[in-house]
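Protein sequences appear in the order of chains A, B, C and D.
Note that the working numbering has the first sequence beginning at 1, numbered continuously upward.
Note that the working numbering has the second sequence beginning at 1001, numbered continuously upward.
Note that the working numbering has the third sequence beginning at 2001, numbered continuously upward.
Note that the working numbering has the fourth sequence beginning at 3001, numbered continuously upward.
The C-beta atom is built at its ideal place from N, Cα and C for all residues, glycine as well.
Remember, it's a predicted structure, so these values are computed and weren't measured experimentally.
This report concerns only the one structure given below.
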Amino acid sequence: MNFDFSDDQKLLRENVRSFLAKEAPLAVCRQVLETATAYATSLWQAVATQGWLGTAIPENYGGAGFGRLELAVIAEELGRVLAPIPFSSSVYLASEALLVAGTDEQKRRYLPPLSRGEWIGTVAHFEGPGDPGNRPVKTVVRSGKLTGVKMPVTDGDVADFALVTAKSGRDLGLAIVDLHAREVQRERLDSIDPSRSLASLRFERVPIEWLGGRPCGSDTVQHIFNRAAVLYAFEQLGGAQRAFEITREYTLNRYAFGRPIASFQALKHRLADWYVELELTRSNCYYGAWALSNEAPELAVAACGARVAATNTFELASKEMIQMHGGMGFTWEHDAHLFYRRARYLAAVLGPAPVWRERLITCLERREQAS
Amino acid sequence: MNFDFSDDQKLLRENVRSFLAKEAPLAVCRQVLETATAYATSLWQAVATQGWLGTAIPENYGGAGFGRLELAVIAEELGRVLAPIPFSSSVYLASEALLVAGTDEQKRRYLPPLSRGEWIGTVAHFEGPGDPGNRPVKTVVRSGKLTGVKMPVTDGDVADFALVTAKSGRDLGLAIVDLHAREVQRERLDSIDPSRSLASLRFERVPIEWLGGRPCGSDTVQHIFNRAAVLYAFEQLGGAQRAFEITREYTLNRYAFGRPIASFQALKHRLADWYVELELTRSNCYYGAWALSNEAPELAVAACGARVAATNTFELASKEMIQMHGGMGFTWEHDAHLFYRRARYLAAVLGPAPVWRERLITCLERREQAS
Amino acid sequence: MDFNDTPEEAAFRAEARAWLEANAEPLAPGEQPAGLEGRFDPDMVHKAQEWQRKKADAGWACITWPKEYGGRGATPIQAVIWSQEEARFKTPPNIFAIGQGMLGPTIMVHGTEEQKRRYLPPMLRGDEIWCQLFSEPAAGSDLAGLRTTAVRDGDDWIINGQKIWTTGAQYSKWGMIVTRTDPNAEKHRGITYFIVDMQSPGIEIRPIKQMNGMSSFNEVFFTDVRVPDRNRIGDVNDGWRCALTTLMNERHAIGGGAGGPEFRDLLRLARTVMWNGKPALQDAGVRQRLAEFYVRAKGLQYTSYRVQTALSRGQTPGPESSIGKLVGAPLRQNMAAFALDLEGAAASLLDLRAPEGALWQLAYLGSPGLRLAGGTDEILRNIIAERVLGLPPEIRVDKGVPFKDVPTGPRP
Amino acid sequence: MDFNDTPEEAAFRAEARAWLEANAEPLAPGEQPAGLEGRFDPDMVHKAQEWQRKKADAGWACITWPKEYGGRGATPIQAVIWSQEEARFKTPPNIFAIGQGMLGPTIMVHGTEEQKRRYLPPMLRGDEIWCQLFSEPAAGSDLAGLRTTAVRDGDDWIINGQKIWTTGAQYSKWGMIVTRTDPNAEKHRGITYFIVDMQSPGIEIRPIKQMNGMSSFNEVFFTDVRVPDRNRIGDVNDGWRCALTTLMNERHAIGGGAGGPEFRDLLRLARTVMWNGKPALQDAGVRQRLAEFYVRAKGLQYTSYRVQTALSRGQTPGPESSIGKLVGAPLRQNMAAFALDLEGAAASLLDLRAPEGALWQLAYLGSPGLRLAGGTDEILRNIIAERVLGLPPEIRVDKGVPFKDVPTGPRP
């Protein structure tokens, strides 16, 4: 049984953590949140310099040639510091999609600048409110040109290109779109977490090429989301874990009625329950990481499980963080709302938990039918 | 605003409570549970003598001529003592159905012996596991004779007659069936709450007459269930309230670590939450009682609300009762399991909570469409 | 059972409504009354005072107060009826509630006759607005842990310290402040209660920005602020008893729902947001959750009917009156979280293009405050457990110890 | 990351499996191993002893124990592998677990060399079965509140009192008992630990009927039971330290799932029970609930993989090993409640005609016990909070007080 990160990966975690402790205290997140900036450019630069953007990109495409386990380690650490950068869009979504379904030429064109942080990529899928689950995508490609509106698009305001879900006839595919093209109108939208940005993208007959040369099909699109879900889950786990640590510390140092509030059994028990949720979530995330790094057939189920657990737990964590901090936790000055906002942003970014729960059962059914 | 029982009704409650304190200590319930008896015949007799069976039956049909508010008061008290008698079947279901949909002749025939407790009636609806919501009833009436199997039937082993949901062509109705007829095979089934009994009923071309002279239609059948649901909810509320009172008392008197366990904040807060659930449930039940006693168009929504709240709260109460009693609460000797079993019996008897939740939303939709 | 007024109540309601119709404009259907949230706005204060004076002139201000102070000695149920009716009209936000609801009643119980005559009538008329100076950064749920000091200096007291969560400090004439006057006494025994002129030198007011961007509260700093001894309420070192009176009235003053989306808004969202090409309302899982919310929200509403019934019958409402905020605040937060799930990816928009103009996003960001202000969930559970259910109080390590020796942090 | 054995582990697993295949019959697919529930059955005890002796002869009993007492000094991960493999075969219920898992290790730490040599080998071989005499009616979660007394009488001690929740008392040769030997000392300081011969005069054993009708436990009454002083473990009045060793081992001994329905059974039920003419599994609300259960059940399973990984790497497992029962027991109860909802009206049947032969009814009736036995949910939360998270202990009013003066009930 070898169901844990290796010593090398744990060492990587330590390095990443101490690097981020210096480069990305929560004040960095707050600064992006409080100013009209889209993301922390200097942190982005620092992260690029560390080579983290290319962690899982093979060396021949300009990356570091590590695997998804290393990427998961970094994702958790970025989650802990609420890193206000488009890492998830550019790495978990765009780079990973290119690796999964891009042609060799596409990989050679996009991955090196992605891994150096010179280009930012994202995926544009949602078309307004509601569950995008099985709803037909309205964005279409006709004669090699894409038309439609995507909203909200994570990091759509700063990305250089987007992989846009679109129909060509009956086929679903991912169209690679240069967001600097004239035929693209983009508009930044106010985000529930202003440290992470959102945009609407309007495409009016913009020329595209298909990721992989032709529409990759809805199974591959879903596969790309599943893979990203695992990495997002590690970010969520990291955020939830950090919220817990800050709160635990606070309850030990905040005194009321002559004693630390952590000594009140109602809080003690809720902290214990919270810890339990973190451990269960961590285990589901590890399973997702195992499936992701091994290209296992269990990936779909594992991704749904990690996503559901991590979304639930980050929501719980961000609520409890505020509540256990009392009135101070509700102030702008306190960091608790950074977690509360980020939890909601990450819950929405791949579609909400009910959709992933539904998908989980669908995957279980398929698995049983197959066996 | 006059949203509470009247002084007279409160006086009735006091009288019923002190009568039952004498006649129906929990030992009476336990005795039925531990022996192979179907119900407590002497308690049944005592209740009949008090005239409670005919509470809401008009005087010209042999009843006391009170209303449903008085019946709700009695239901809550019977719930408190976990009365092991077929009161609910014979009164909330059979008598009330006759009052709602019976012909005058039928009322004259059935209601007087029902109100004297000489006859026991019930309703037979379910046909095995699952949700009976919109599933077609398989029991049929052809040429005035009924064929089918109903299982489980509450008090079906002791009832003298049953109102059986059955189809005649496309129409749904309630067929009045003499359970002593040759063409009826009945078998007692083991109940999760052996203080309340269950049976399967097999009908093989048994002669019937329709309640109301012809199939009353599925709306009326549902209306009859909605009415019963309010009264059942009061029983559930009474059980939950009593479980709370016993448990509160226990936590004050049980000492651990040199102090009453009620002083441990985790228990204190859970007792507070439990109390809150009781009050919210009580309010939903009162609204149901108001709608029932006023034949208000809000009855359907109100009944669903009361049913859902009371089912949830009795389940919570019976679980917490055991948990807060510690190991003793899990013994046969302790009364906690009587509540745990009864909660489950009552949750099942009109169909489970998810079905009532679904129905609640359907009713809200209908109401909005109507307005 | 019914939901009707008694004949007396109906007559009173008609009288109230007639006056309101003659003097105010009814709300449009679906329109919300103006809330208190937001920054200081002199114009709003002016309008609120105008309305209050109008009511006072017609005998509709603080109607439960005795006639001698400007009230009409109305019954509690009449007060409920009056606020139901007033809530149907466009009126300025009620910036007098803290004074009239909590501090006035405290003065009536603990003030001298002179104090009552001096302070109550202008409070009732809205000429003088009041704020409450209770909580401190290190004394929230544990209010009696307050450290703001008042030291005697001749006929005056000198106040130093910091208060927090003070609504309306900017536009208040008077503040009611609890101070520590004997740090050698046991915690609850060295506290004294004063009325402080908010224009006194040495007072600095800073608005607190909340996590939802609004500023409903202030910090108030006291540096050598002088208060004459005649502004003292109750005896020296007996202020805790007065503060308890104020807090008992707070439960009634806060309680209510206070704006924001409700179940019907959630139902509307479920009807309009599409899931899999159909309204989310058609999803069986959504329906299950909606039903739970409905039952809870209605349970709360019907509970308030029970409270009103008790008032209508001239009885003291039972303990069910204490559950409102404990149920309502988490319910709001949970409904908002579910609404955001319904909205899908668009839930991340805090933007007018979000469904319903980001109604639920704002509710999600605002609801944590409801669970904290006016007693945290945890304090409310303790109150229910101890006062309603008679369960034992918390073990107190700060009893029988001079206040200055009570631990306030981990030992270094 | 993978789920594979190391080469050494694989070799060990192969060796274990080979011996088991030669000496036992594999379970059929879906067949559950025999549980411990149920009444005393001499035949079952006999068979269990036979199997244990067979294992001991081949060196497969208590494999982590030192060789000198009959073990093979195996590593913890080897113990895990052995139990995984053994669980795939038809074997009698393990009636030795309390002795071998909790009491043996205690003797190894606190016993004299003579005691170790006398008691450990027959315990390992199953020749002598052991039970644990800890809890009392008034000392459950608060175990140190025990009141059974032992009074010195020459070379013997005389024991009087009552113990409860004792598994296997009927067929045990020895019991390990904690007693109060100094009621004037502070609670934890007047306790002494003994080995008692269960056939001694003055011992009466009564099975306890549980709410689910089964009898897994006993009450044991002691009336002037004599125990020689050489049966004492540890020093006089130092028994609490020994008891803690036993309790630390209990966490490991209990932990597991211990039979009963699981998620896959729930999924099967949802597939077979019809709702509105379709399998309940097609209902979107049912699917939401199922997904939550799945994620939780799997979280627990994967957590056990993490524990095994630590063992496999020769590390001490982290605190995640303590969450098993706290998560698993309520999960079982909640899954059962949901299963009963799925069954509709038929949920009230405790009858073979209920779906799945009343599998879920029995689980619903049995699950409350899982939340209580071997540490209640509340005690487990305290343990996690204090030992894992380092939060402050409960305030103790029974510290520094002679045991006899600790309050045991309300003052009259």
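Taking 7 Å as the CB-CB limit, is residue i close to chain A?
{"i": "D2224 of chain C", "result": "no"}
{"i": "A1343 of chain B", "result": "no"}
{"i": "W2275 of chain C", "result": "yes"}
{"i": "K3298 of chain D", "result": "yes"}
{"i": "A1266 of chain B", "result": "yes"}
Any beta carbon from chain C within less than 7 Å of residue i's own beta carbon?
{"i": "S1380 of chain B", "result": "Outside the modelled stretch of chain B, which goes from 1001 to 1371, sits residue 1380 of chain B, for which no answer is possible."}
{"i": "P84 of chain A", "result": "no"}
{"i": "I1057 of chain B", "result": "no"}
{"i": "L1271 of chain B", "result": "yes"}
{"i": "G3285 of chain D", "result": "yes"}
{"i": "E3159 of chain D", "result": "The identity of residue 3159 of chain D in the sequence shown is Ile, whereas the question assumes Glu. It does not; no Cβ of chain C falls within 7 Å."}
{"i": "R259 of chain A", "result": "yes"}
7 Å is my cut-off, CB to CB: does residue i come that close to chain B?
{"i": "L2266 of chain C", "result": "no"}
{"i": "M3108 of chain D", "result": "no"}
{"i": "T3246 of chain D", "result": "no"}
Say whether chain D places a C-beta atom closer than 7 Å to the C-beta of residue i.
{"i": "Q2282 of chain C", "result": "no"}
{"i": "Q2288 of chain C", "result": "yes"}
Tell me whether residue i is buried or exposed, calling it buried when 16 or more other Cβ atoms sit within 10 Å of its Cβ.
{"i": "E3031 of chain D", "result": "exposed"}
{"i": "Q2333 of chain C", "result": "buried"}
{"i": "T3223 of chain D", "result": "exposed"}
{"i": "L2124 of chain C", "result": "buried"}
{"i": "A3011 of chain D", "result": "exposed"}
{"i": "A1959 of chain C", "result": "In the structure as shown, chain C starts at 2001 and stops at 2412, and residue 1959 of chain C therefore has no counterpart that could be examined."}
{"i": "M324 of chain A", "result": "buried"}
{"i": "A3347 of chain D", "result": "buried"}
{"i": "R214 of chain A", "result": "exposed"}
Can you give me the Cβ contacts of residue i inside the same chain, cut-off strictly under 7 Å, excluding the 5 residues immediately before and after it?
{"i": "Q50 of chain A", "result": "F19"}
{"i": "A1243 of chain B", "result": "A1317, S1318, M1321, F1339"}
{"i": "F1378 of chain B", "result": "Since the displayed chain B opens at 1001 and closes at 1371, residue 1378 of chain B lies outside it and no answer follows."}
Using a Cβ-Cβ cutoff of less than 6 Å, which residues in the same chain neighbour residue i once the five nearest sequence positions on both sides are dropped?
{"i": "S1195 of chain B", "result": "C1029, V1032, L1033, P1084"}
{"i": "L2349 of chain C", "result": "none"}
{"i": "W3157 of chain D", "result": "A3150, V3227"}
Kindly list the residues whose CB is nearer than 8 Å to the CB of residue i, restricted to its own chain and excluding five residues on each side of it in sequence; keep chain order.
{"i": "R372 of chain A", "result": "Because chain A in this structure spans residues 1 to 371, residue 372 of chain A falls outside the shown range and cannot be described."}
{"i": "V2273 of chain C", "result": "P2279, A2280, L2342, E2343, G2344, P2355"}
{"i": "K2399 of chain C", "result": "E2186, K2187"}
Practice problem: Mind listing, in chain order, the continuous beta strand (DSSP E) runs of no fewer than 3 residues lying wholly within the segment 2315-2378 of chain C? | Solution: none
Self-check item: contact_flag[the segment 3357-3373 of chain D, the segment 3300-3314 of chain D] where n(CB pairs < 8 Å) is 3 or more
Solution: no
Practice problem: Inspect the CB distances between the segment 49-68 of chain A and the segment 97-117 of chain A and report whether three or more fall short of 8 Å. | Solution: The segment 49-68 of chain A vs the segment 97-117 of chain A: in contact.
Quiz item: Enumerated in chain order, which unbroken segments of the alpha helix (DSSP H) with a length of 4 residues or greater are wholly contained in the segment 2091-2169 of chain C?
Solution: 2104-2110, 2113-2125
Quiz item: Can you give, in chain order, each stretch of the alpha helix (DSSP H) that sits fully within the segment 3264-3314 of chain D and has at least 4 residues?
Solution: Runs of the alpha helix (DSSP H) inside the segment 3264-3314 of chain D: 3284-3312.
Quiz prompt | Contiguous beta strand (DSSP E) assignments of at least 3 residues, all confined to the segment 1251-1335 of chain B | solution = none
Exercise. May I ask you to verify whether the segment 2298-2306 of chain C touches the segment 1276-1286 of chain B, counting CB pairs closer than 8 Å and requiring at least 3?
Key: As far as the Cβ criterion goes, the segment 2298-2306 of chain C touches the segment 1276-1286 of chain B, which means the pair count is three or higher.
Quiz prompt | Inter-stretch contact at 8 Å, needing at least 3 Cβ pairs: the segment 3128-3136 of chain D / the segment 3164-3184 of chain D | solution = Yes, the segment 3128-3136 of chain D is in contact with the segment 3164-3184 of chain D.
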